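Asks:
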Amino acid sequence: MIITAIAYWLVGFPTGYYLAEYQGYGVNGYWIGLITGLSVAAILLLQRWLSHSKTIQI
């Protein structure tokens, strides 16, 4: 939950806001920011899953 909050609120939303308001992308900037946040969340969650799966003995 913390990972997704960080990815969305500290990466995705600021990226979208910057692109939409300062770079002239408009609403497309927010979509790009959302995609960026989702990508960061996916990478961080995959890294967490891989680190936890190494410690589990099956």
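Here our numbering is used: the first residue of the sequence shown is 56, the next is one more, and so on.
Virtual Cβ for every residue (Gly too), placed ideally from N, Cα, C.
For clarity, every value in this text was computed on a predicted model and none was experimentally measured.
#1: Look up Y73 in the DSSP assignment and say whether it is helix, strand or coil.
#2: Where does Q78 sit, in a helix, a strand or coil, going by DSSP?
#3: Would you call V95 buried or exposed, if buried means 16 or more other Cβ atoms sit within 10 Å of its Cβ?
#4: Can you list, in chain order, the residues of its chain whose CB lies under 8 Å from that of E76, leaving out five sequence neighbours each side?
Replies: For this structure:
#1: The sequence position of residue 73 within the sequence shown is 18, counting from 1. DSSP places Y73 in helix when its eight states are reduced to three.
#2: Residue numbering aside, residue 78 sits at position 23 when the sequence shown is read from its first letter. Here Q78 sits in coil by DSSP.
#3: As a first step, residue 95 must be located in the sequence shown, where it is residue number 40. Result: buried.
#4: Mapped onto the sequence shown, residue 76 falls at position 21. So the qualifying residues of the chain are G84.
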